Amino acid sequence: MFNFRSLIVFFLCISIINVLADVTKEDAKLIVINDIIDDCIDDVNAFMDSTIVTTSSYVLTSYKSITNPYNQSWLFFIDDHPTAFWEHPCRYIFLNVSDSSYQILSDTVPVYEYRVNLEEVSIGVNFPNYNYSTTPPNLQRTRNPDPHKWAVFLSGHTQLSTWNGMSQLYCALTTEEGDRSYNFSDSTIIVLSWDAGVDENHNQYSSFYGPDDEGTNHIDGACDKASIDSTFNYLEDTLGPEDMLFVYITDHGGVDNCGNHFIQVYDEDVGIERYYDSRLADAMDSLNCAQTIIVMQPCHSGGFIPELQKENRIIITATDSDTLAYGDHPDSPLHPAHYFPEFSYFWNTSIARKHADSYQAPWEVNEDVGDHIFFYPQYQLSDFDPDVPQQHEDLNPNIGNLDGVTQMKESFQYAKAMDAFVEDFYIFEDDGRNEYPQMYYGIPFEEDICSLNGLSGEIENTQSVFGNFQFGGDIEIQRGVTLTFETGSHLFLNNDSKIIVNSNANLILQDSVIVKGKCNDNSIIVNGSIEIGDYVVFTSVDDNEWGGISINSSDSLVINKLTVEDCEFSIDDSETLNLNDPVFTVVSIFLCKPHFCFI
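Residue numbers (my numbering): 1 to 599.
So, in structure tokens, the structure goes:
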């Protein structure tokens with residue numbers, strides 16, 4: 001006898017199974033929105049994979065996968081800090097297709113290209129479409145490009161704020177504005193950015209406005225491991241002790257489970273890879289140049305300092321080794337750093353001496369630094385000029401010196417003070433978004449005399465220094481002070497720079513010191529005293545005669561194995577002068593009063 005009751009039970013079970021299995025995409029979205037992110041929906045961005053995940057693991061990037069706990073899942077990705085650079089806290093939600101149960105995994109690694117590869121679910125923090133001005137820049141390109149100024153820009157990801165920061169700084173380095181001119185040129189700036197425009201999803205980032213062009217490609221290659229290594233290999237063969245190097249890194253960064261720090265870089269095969277601090281340190285270790293300045297925007301960038309720190313090197317980072325770095329200000333359209341990396345926007349502004357016009361025209365300039373009007377009542381500190389001494393509790397020490405040059409400590413203090421995410425000067429509600437800018441100052445001089453124009457300023461402390469040094473302005477040794485350049489140091493007088501030894505001051509050039517100049521305005525002027533060791537060389541960088549050395553007052557001098565080439569050698573007042581086995585080549589010699597002995 002046919003059992004209708006059994007048949008009804010059978011079909012009822014099938015119906016229940018079908019109902020339980022029918023967690024649709026839209027149902028899954030509602031569960032996530034209403035049950036998981038409802039209380040923070042305005043502060044987070046949620047995405048999902050458009051297809052059901054059936055594999056046991058879900059690949060985020062080439063170096064990270066997460067485990068799928070169910071046979072079939074809807075996968076959601078929650079960006080908990082949309083204004084922060086990666087890597088930063090995020091969540092993954094696996095929602096069981098069969099019964100709508102779910103598991104939440106906390107992580108710091110996003111899905112590769114999630115804005116392209118995933119579907120939007122809820123966007124609490126919105127970012128604009130890429131839409132920059134089509135008006136050609138009206139900027140004055142530097143009229144005296146300097147072959148001894150080199151820069152490397154690294155950006156291993158695509159993001160509007162990153163692109164804006166690079167454009168703002170690139171134009172500041174290659175243009176003239178008022179008294180500001182750094183004399184970098186297109187030929188001495190190497191820009192590695194993402195895939196260099198190969199991916200059509202991001203080809204808008206393959207170029208940016210330079211000083212006087214419209215959309216010209218200033219990007220030299222992809223920001224991948226091989227290109228970074230080959231760039232520094234090239235610089236190892238190209239740079240000499242006369243050359244200064246500036247490195248700007250605006251990127252995502254992180255720290256792995258072993259505590260090693262990295263930046264993210266492009267990879268043609270797997271999309272994204274990690275470039276570690278130790279590898280960058282190795283790549284830069286053999287560079288033989290004058291001072292090196294490194295500015296880093298990524299999250300955890302302070303973790304690079306222990307690996308990169310070295311004599312005659314400055315390292316500035318947006319935050320420390322443990323915390324995130326922020327940018328964009330999508331909720332703050334009147335903030336000057338709107339859609340820029342926060343810390344490096346203000347650092348770049350101090351260098352440019354001008355604020356950027358807007359995120360849609362970052363290459364153009366607007367208000368002078370110090371003159372920007374902020375529309376935030378939370379700001380207790382208005383915009384200021386970093387070269388002017390300030391009176392503010394967050395500016396310790398007050399290092400503005402009114403010398404017309406923006407030195408690195410001045411730039412750092414300005415960026416730190418104006419950074420809205422720095423804890424001491426936080427203008428938003430206390431939501432845990434804090435940056436802790438760091439600075440390693442390896443320039444051996446006790447004074448803050450280093451800028452992107454080279455070394456310049458007053459020497460007020462007796463000291464002994466060693467290294468390769470590029471001078472961009474006058475160095476003045478004050479009364480009662482002795483400055484010693486140790487054996488093997490290399491001095492390059494660039495621009496119109498001079499070393500001036502005031503009366504009752506002393507300059508010591510120890511054995512095998514090399515002094516180079518390139519124009520008649522370059523010289524060493526001794527109004528105090530000087531000591532010159534054995535095998536010291538005065539020569540030119542380009543075979544043109546330069547100002548050389550003028551000794552207007554000194555004690556008796558005994559100089560052995562001196563070489564003087566392509567410059568003046570003038571002694572106006574010295575008790576006695578003994579030159580033992582000197583070499584003079586294409587040189588103007590002026591000997592006025594000294595008791596002279598030539599052997």
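No residue lacks a Cβ here, since even glycine has one placed at the ideal position from N, Cα and C. Keep in mind it's a predicted model, so treat the numbers as computed, not measured.
### Task
Could you round the C-beta distance between I272 and T142 to whole angstroms and report it? I think they count as a contact, below 8 Å.
The pair is not a contact, with the Cβ atoms about 35 Å apart (cut-off 8 Å).
### Query
Just the Cα atoms here: how many angstroms apart are Q390 and K64?
47 Å
### Query
For F11, does the count of other Cβ atoms within 10 angstroms reach 16, so buried, or fall short, so exposed?
Because the pLDDT at F11 is just 41, under 50, the model does not fix this residue reliably, and the point stays unresolved.
### Message
By DSSP's criteria, C171 is part of a beta bridge. Which residues make up the other side?
### Response
None; C171 has no bridge partner.
### Query
Could you give the uninterrupted runs of the alpha helix (DSSP H) lying entirely in the region 18-93, keeping only those of 4 residues or more?
25-31
### Message
Helix, strand or coil for V541? Go by DSSP, reduced to three states.
### Response
coil
### Task
Round the Cβ separation of Y326 and A84 to the nearest angstrom and send it over; I've been treating them as touching at under 8 Å.
5 Å
### Query
Grouping DSSP H, G and I as helix and E and B as strand, with all else coil, what is E307?
helix
### Task
Measure the C-alpha to C-alpha separation of N552 and D496 and round it to an integer number of angstroms.
20 Å
### Task
Give a yes or no on whether the C-beta atoms belonging to T585 and Y436 are separated by under 8 Å.
no
### Task
Say whether the region 170-177 touches the region 343-357, bearing in mind that this needs 3 or more beta-carbon pairs closer than 8 Å, one atom from each stretch.
yes
### Query
Around the C-beta of Y234, are 16 or more other C-beta atoms found within 10 angstroms, so that it is buried, or is it exposed?
exposed
### Short Cβ contact (8 Å threshold) for A290 with L308
no
### Residue ranges of each alpha helix (DSSP H) within the region 147-195, 4 or longer
160-174
#### Entry: Straight-line Cα distance separating M166 from Y359
11 Å
### Short Cβ contact (8 Å threshold) for Q264 with R274
yes
### Query
Hey, is the region 91-105 in contact with the region 437-454, meaning 3+ C-beta pairs nearer than 8 Å?
no
### Message
If distances are taken between C-alpha atoms only, which option among W546, L579, L95, L139 comes closest to D35?
### Response
L95
### Task
Take the Cβ of V558 as the centre, count every other Cβ of all protein chains shown within 10 Å, and call the residue buried at 16 or more, exposed below.
exposed
### Query
Applying the criterion that 16 or more other CB atoms from any shown protein chain within 10 Å of the CB defines a buried residue, is D581 buried or exposed?
exposed
### Message
Helix, strand or coil, according to DSSP, for K518 in the structure here?
### Response
coil
### Query
Taking the alpha-carbon positions, what's the G370 to I305 distance?
30 Å
### Message
So, with DSSP's three-state summary, where would you put G533?
### Response
coil
### Task
Report yes or no: do the region 107-121 and the region 38-57 share at least 3 C-beta pairs separated by less than 8 Å?
yes
### Query
Are the region 149-158 and the region 65-79 in contact at 8 Å, needing three or more beta carbon pairs?
no
### Task
Would you give the residue range spanned by the beta strand (DSSP E) that F492 belongs to?
490-493
### Task
Identify, in the order they occur along the chain, each residue of the same chain with its Cβ nearer than 6 Å to the Cβ of I189, setting aside the five sequence neighbours on each side.
A151
### Query
If we call anything under 8 Å between Cβ atoms a contact, is T484 one with I508?
yes
### Query
Considering only residues of the same chain and omitting the five flanking positions on each side of G473, which have a CB-CB separation below 6 Å?
S456, S497
### Task
Would you mind giving the Cβ-Cβ distance between W363 and Q168, rounded to the nearest angstrom? I have them listed as a contact below 8 Å.
7 Å
### Message
For a test of the three-state rule: what should DSSP assign to Q413, helix, strand or coil?
### Response
helix
### Query
Would DSSP call S344 helix, strand or coil?
helix
### Task
Have a look at F469, I475, K149 and flag the residue whose alpha-carbon is nearest the alpha-carbon of Y182.
K149
### Query
Going by alpha carbons, who is nearest to T158 out of G124, C223, E176?
C223
### Query
When you compare only the Cα positions, how much space is there between N520 and W546?
4 Å
### Message
Considering Cα atoms alone, identify which of L160, A415, D107, V405 is closest to I93.
### Response
D107
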